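With the numbering used here applied, the sequence shown has no gaps in its numbers, which climb one by one up to 437 at the end.
C-beta: ideal position from N, C-alpha, C; glycine also.
Since this is a predicted model, take the numbers as computed values, not measurements.
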Amino acid sequence: MKSSKRFVRAFFVSAIVGLIVLPVALIAAEQEPIAKSVFAIKYADDSKPMPMYAAFWMGPRFFPNEPDPRPSMYYYLIKTEKENILVDVGAGPEMAAQKKLSNYFPPEVMLNRFGLKTSDIQTIIITHGHWDHIDALDQYKNAKIYIQRSCYRFMVEEGPELAFFRKTGYPNKKHSFAMLTAMWDNQVRLIGGDAELFPGIKVIEVDGHHPGQQIVVVETKDKPIVLASDAVYYYSNLEKGHPIGMYLGSLRDVIKGLETIRQLNGVVVPGHEPKVMERFKPIDKEVVQIFP
Ligand SMILES: [Zn+2]
């Protein structure tokens, strides 16, 4: 009787301890950020400046004396213990020639600076469907591609449906087909809103610039890294609190996205900011280390 009582007590004590300790341990394991390093890769500069009306909403009226900024083109590498994750993929050589980009380097050249090949990339997070972010996608046959469902739908359905978008190339036919092909090849993983793709590597859907426009937040022990993509083009969008002027979605969402980025209180990396190359540690030609 005595020993069975002791057994019952031991059973309940261990059950309670298990109930408390195990979930806490699981939460701790879940929350441990796994990013080891984050890099910005500048694969080109635009050959011409970005008009003020595009850089800032109604820019010439609000900032009449400021020159048109000249955009740089980026994608990003996040390294974990097991994964090489690209955030966007930039443009391939044909598109770079067509758009007359200057200082252009193709993916194999930029990745080689990390000792990587395109086949070494296991994961790609696409922030949105514009050519300067997505064109080289067909070079990454081994990667799982994470994209917001609304971004995907705009690229393969809502965009091509309308004559204006077909005419302007937003979305571009090649990229629309590349996305469908990737889906048939089981590469695409559609995301519906905000998600944590890996421990401490999250996406937030902000919309605005493009349907399903997402930003990537990399948690660190210190401030989070915020890869803002084209939710903000330049640091001055944040400093002036002034939204970009180019959007397929709504101005309201662009402004809300700007506010979301501010509230994250992290290290922000804007989508087309030349100063990114000065603010962070250079480790190779056209490559800076954002973290650690
Ligand atoms: Zn862009």
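Review point. Taking buried to mean at least 16 other C-beta atoms within 10 Å of its own C-beta, is Gly445 buried or exposed?
Key: Not covered by the structure: residue 445. The range shown for the chain is 146 to 437.
Point to revise | Asp367 - containing alpha helix (DSSP H), residue span | key: Element bounds for Asp367: n/a, residue is neither H nor E.
Check your understanding: Any heavy atom of ligand 1 within a distance shorter than 6 Å of the CB on Ile280?
Key -> According to the sequence shown, residue 280 is Asp rather than Ile. No, the beta carbon of Asp280 sits no closer than 6 Å to any heavy atom of ligand 1.
Exercise for review: Sort out for me which residues DSSP pairs Val362 with in a bridge.
Suggested key: Its beta-bridge partners are Lys347, Val371.
Exercise for review: Check whether the Cβ of Gly416 lies closer than 6 Å to any heavy atom of ligand 1, and answer yes or no.
Suggested key: Set against 6 Å, the gap from the CB of Gly416 to the closest heavy atom of ligand 1 is smaller.
**Study point:** Candidates Leu325, Glu302, Gly274, His417: closest to Lys193 by CA position
**Key:** Answer by Cα proximity: His417.
Review point. What's the C-alpha gap between Ile271 and Pro209?
Key: Ile271 and Pro209 have their C-alpha atoms roughly 34 Å apart.
Point to revise | Residue interval of the beta strand (DSSP E) (run including Phe207) | key: It is not in any beta strand (DSSP E) - Phe207 instead sits in the alpha helix (DSSP H) that spans 204–207.
Practice item. Could you tell me if the beta carbon of Asp375 falls within a distance shorter than 6 Å of some heavy atom in ligand 1? Key: Yes; taking the cut-off as 6 Å, the Cβ of Asp375 has a heavy atom of ligand 1 nearer than that.
Check your understanding: Ala376: buried (16+ other C-beta within 10 angstroms of its C-beta) or exposed?
Key -> Residue burial annotation: Ala376 is buried, with at least 16 other C-beta atoms found within 10 angstroms of its C-beta.
Check your understanding: So the beta strand (DSSP E) Phe184 belongs to, where does it begin and stop?
Key -> Counting along the chain, the beta strand (DSSP E) containing Phe184 begins and ends at 182–190.
**Study point:** CA-to-CA distance, Val232 to Leu372, given in whole angstroms
**Key:** Between Leu372 and Val232, the C-alpha separation is close to 8 Å.
Exercise for review: Would you give the residue range spanned by the alpha helix (DSSP H) that Val232 belongs to?
Suggested key: Where Val232 is concerned, there is no enclosing alpha helix (DSSP H), although the beta strand (DSSP E) around it starts and stops at 229–232.
Point to revise | Length at least 3, wholly inside the region 263–326: the beta strand (DSSP E) runs in chain order | key: Listed in chain order, they are 268–270, 289–293.
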